[in-house]
Amino acid sequence: MMTPQRPRPKLSLKKRLVFGAMATLMSLPVVELISWSAIRFGLEDDFENIRDTQNRLAVSGSTKKSLNEAIHPYLGWVMNPQTSQGTEFGGRQIPVNRFGFNDDEQELPKRATDQLVVGILGGSVAWQMTVLGESAFRESLKQSPALHDKEIRLVRLAMPAYKEPQQLMALSFFLALGAEFDVIVNIDGYNEVALAAVDNNSAGVFAAYPRGWSFRTQDIVDPRVYEASFNTLEARAARQRLAQNMCHSWFRWSPTVNLIWKLGDGYWQNRLFDAATEVTLHQSAKGKPFASTGPPQLYANQSEMFEQLADVWKNSSLQIDHLCRGAGTKYIHILQPNQYVAGSKSMGDQERNTAIYETLLSGQAIARGYPLLVSAGNELLEGGVDFHDLTMLFADVEEPIYADQFCHYNARGNDILARAVAERIVGACRRVTP
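Numbering (my numbering), first residue to last: 1004 to 1437.
Here you go:
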């Protein structure tokens, strides 16, 4: 006869909760390790990149660095001081001021007897000169007896990728606000030819519009596709909301929670791609919206296009000169050097490998368009504009100057350019403006 087994005593609720908690705690490291492996090896990502993505999405709703820019009603775009941390360049951190320019925060400039207020217009070459060449620029100006005891106030109105008529608009805007300058220096040429001929023209954007205008205005809703635009904004909002929740979560350190976030973000990213594709298909069928392209532009041939680009450049400079004369400001226009101008720089193999790409479309545009700018510059000079063709500034410099295959210079090149510009300012200050 079998002895009946006694039923096992049931664990108390307290003990069950304790054992459950212990089992959970013991399994957590395993789950976290699995999640970490899934992120690191399955998704081929790392937590530094994930955190950077979350921060960008939380702030601006996108991972694109271009959202550090903001559309400007008169200038095309400026940097967004609410999202941009400024620019690190030449060992310096240049902030974004309240006007959206990469420059130190300062009040609107006003003339004073103990100051020389110099505004610099142009694109990246002009801006880089004010950073890498700033010491040489100030030192050269101070060598003039007339300027030795004056404070040199430098105002950076240049912006990488700016091209005419953005320089004209920038000056007009600041003059309208009440800014006063003793001297305005405009250093340009490359962007007006290369960016307009290659970027704008290939994208079907009006040549006189800012560079990349079609993608800078992609958030402007095309009234013909409200539904697809709504879906795009909805997906962006969802990604931003998820990222903000992660940035403020107590569990943001957890690989498992980050894995769940990444899967959720991927879902909304796919929704965003689908909505953007719908907008693109509509544009393929009916064309891009006018807000992104501007007036239709048809050229009979390439020569006509380059002639128009030179005209916009020349006309913009004439208008800057008129504004400066009316404001009692000296205006100096500099045509910047570029390596694709024939005979402008002798190069060794090392510099040539860095600076010259024979198949670069922008380089080909410079070779074709710069002679027209030189000719138009001579017309400016004949019309009374203080124009200086510095395309041969580096012709006798043997050491390397160019830092990339586009238009930028190393520290030595910026020093040479800065001293050349300062020399023109000193000369202009000696002359009486008619």
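We put the beta carbon where it would ideally sit given N, CA and C, even for glycine.
Backbone CA spacing between residue i and residue j [nearest angstrom]
i, j, result
"A1241", "L1266", "13 Å"
"L1171", "Y1077", "10 Å"
"T1436", "D1106", "In this prediction, T1436 scores a pLDDT of 48, lower than 50, which makes its location untrustworthy; the coordinate-derived value is nonetheless stated afterwards. Their Cα atoms are separated by approximately 29 Å."
"Q1131", "W1253", "43 Å"
"A1313", "A1200", "11 Å"
"F1382", "S1320", "Checking the displayed sequence, the identity of residue 1382 turns out to be Glu instead of Phe. Straight-line Cα distance between these residues: approximately 11 Å."
"A1246", "W1264", "8 Å"
"F1397", "I1404", "8 Å"
"N1304", "I1155", "47 Å"
"G1430", "S1147", "10 Å"
"S1127", "V1134", "11 Å"
"D1407", "P1098", "24 Å"
"G1269", "L1150", "60 Å"
"D1399", "F1293", "47 Å"
"C1410", "G1181", "33 Å"
"E1401", "F1309", "31 Å"
"G1351", "G1207", "38 Å"
Short Cβ contact (8 Å threshold) for residue i with residue j
i, j, result
"V1188", "T1332", "no"
"F1184", "V1120", "yes"
"Q1339", "A1358", "no"
"L1364", "G1192", "no"
"R1114", "E1108", "no"
"L1157", "E1142", "no"
"I1428", "I1337", "no"
"R1214", "A1161", "no"
"T1296", "F1209", "yes"
"Q1096", "G1103", "no"
"I1123", "I1190", "yes"
"A1368", "A1211", "no"
Backbone secondary structure at residue i - three-state DSSP
i, result
"T1436", "Per-residue confidence for T1436 stands at a pLDDT of 48, beneath the threshold of 50, marking its modelled position as unreliable; no derived number is given."
"F1102", "coil"
"D1185", "coil"
"Q1243", "helix"
"E1310", "helix"
"H1075", "strand"
"E1091", "strand"
"Q1096", "strand"
"H1325", "helix"
"Y1412", "strand"
"Y1334", "strand"
"V1461", "There is no way to answer for residue 1461, as the model of the chain reaches only from 1004 to 1437."
Span of the alpha helix (DSSP H) around residue i
i, result
"G1125", "Segment Q1118 to G1125 is the beta strand (DSSP E) holding G1125; no alpha helix (DSSP H) there."
"A1197", "Y1193 to A1197"
"R1255", "R1255 -> no alpha helix (DSSP H), and no H or E assigned at all."
"F1218", "W1216 to R1219"
Span of the beta strand (DSSP E), counted from its first residue to its last, around residue i
i, result
"F1293", "Where F1293 is concerned, there is no enclosing beta strand (DSSP E), although the alpha helix (DSSP H) it sits in stretches over F1293 to T1296."
Chain B contact for residue i (CB, 8 Å cutoff)
i, result
"M1249", "Here there is only one protein chain, and chain B is not present."
_Complete beta strand (DSSP E) runs within the stretch 1339 to 1408 (minimum length 3 residues, chain order)_ = 1390 to 1392
*Please specify which runs of the beta strand (DSSP E), each continuous and at least 3 residues long, are wholly inside the stretch 1113 to 1181, giving them in chain order.*
1118 to 1125 and 1154 to 1159
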